[in-house]
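J.: Residue numbers (full-length UniProt numbering): 1 to 210.
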DNA sequence: AAGTCTCTCAACCGCCCATTT
DNA sequence: CAAATGGGCGGTTGAGAGACT
């Protein structure tokens, strides 16, 4: 499939992964403003789908994958730049509990955010936060068990959900996912006040999930 | 001021799945 | 039906910037 694995390994050995390569092959590393412009023009002509065609016809010395990534994570219109709001963060946390590391699915619920951005945000901010919280919790364990009730509920549901999806969609859904009570799961009425509007949207969009 | 450490995030890698031949 | 190909996704890397000593 790949035409560049050998070259890549050579570059790796040379410690040159992100530098401009020496052999006549695809460009790697940071994109220039010129490349961005050329890519945007090519996509305007060919559409954002046939990445290999785009890569070839644009004259960019890039592989299709690289073009796709650049478009999706940076050039695509309606990309939201800047800090993740508290509400977005909360949504990410909840969706991550539900979906796990399925960043593209999570990103799908956050308009203007990319899976890469969310993944990065999780790895650099939220995972630490959670770790700290867990440490905090374990140090005060026994004193208050009430606060973990919803977490317990969520982890049960997530476990069920994951078991279900691991079996492949379309397969037997009668076992594990039968236990998934959407109403119960999305009952956050005992938790801190939040705008719950997203939940309705989530449920609407997610009808096809089960 | 200089060196080192830490964090962030763009980009690449490798695998998997869907589609095409 | 099998093999080849292309696209999508999550994991990982590493350059650059800022913080710290």
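C-beta atoms are modelled at their ideal positions from N, C-alpha and C, and glycine is treated no differently.
Since we're looking at a predicted model, the values are computed, not measured.
Closer than 8 Å is the cut-off here; do at least three beta carbon pairs connect the stretch 97-106 with the stretch 52-65?
T.: No, because fewer than three Cβ pairs between the stretch 97-106 and the stretch 52-65 fall closer than 8 Å, the two stretches do not touch.
J.: For the alpha helix (DSSP H) containing residue 108, list its first residue and its last residue.
T.: Element bounds for residue 108: 103-108.
J.: Name the two residues that bound the continuous alpha helix (DSSP H) containing residue 97.
T.: Where residue 97 is concerned, the enclosing alpha helix (DSSP H) stretches over 86-99.
J.: Note down, in chain order, each residue of its chain lying with its Cβ closer than 6 Å to the Cβ of residue 62, except the 5 sequence neighbours on either side.
T.: Excluding positions up to five away in sequence, the list reads 26, 27, 55.
J.: Between residue 65 and residue 73, what straight-line distance do the alpha-carbon atoms span, to the nearest angstrom?
T.: Roughly 12 Å separates the two Cα atoms.
J.: Run through DSSP, which three-state label would residue 39 get?
T.: DSSP places residue 39 in helix when its eight states are reduced to three.
J.: For residue 130, which three-state DSSP category applies?
T.: Correct three-state label for residue 130: helix.
J.: Throw me the rounded Cβ distance for the residue 124 and residue 115 pair, which I believe falls under 8 Å.
T.: Actually they do not touch by this definition, with Cβ atoms about 15 Å apart.
J.: Can you tell me whether residue 45 is buried or exposed? The criterion is at least 16 other CB atoms within 10 Å of its CB, across all chains shown.
T.: It is exposed - the Cβ of residue 45 has fewer than 16 other Cβ atoms within 10 Å.
J.: State the CB to CB distance for the pair residue 92 and residue 106, rounded to an integer number of angstroms; the pair is presumed to be in contact (CB under 8 Å).
T.: About 6 Å separates the two Cβ atoms, so the contact holds.
J.: When DSSP labels each residue in this structure, what does residue 64 get in the three-state scheme?
T.: In the structure shown, residue 64 sits in a helix (DSSP, three-state: H, G or I).
J.: Could you spell out where the alpha helix (DSSP H) holding residue 49 opens and where it closes?
T.: It is not in any alpha helix (DSSP H) - residue 49 carries neither H nor E in the DSSP assignment.
J.: DSSP three-state label for residue 246, please.
T.: Residue 246 cannot be examined here, being either before or after the span of the chain that is shown, 1 to 210.
J.: Does the Cβ of residue 88 have 16 or more other Cβ atoms within 10 Å, making it buried, or fewer, making it exposed?
T.: Residue 88 should be labelled buried.
J.: Thinking just about the alpha-carbon of each residue, which of 51, 138, 117, 86 is nearest to the one in residue 80?
T.: It is 117 whose Cα lies nearest to the Cα of residue 80.
J.: Given that a residue counts as buried once 16 or more other Cβ atoms are within 10 Å of its Cβ, and exposed if not, what is residue 68?
T.: So residue 68 counts as buried.
J.: Which of helix, strand or coil does DSSP assign to residue 31?
T.: Three-state DSSP puts residue 31 in coil, outside helix and strand.
J.: In three-state DSSP terms, what is residue 57?
T.: Three-state result, residue 57: helix.
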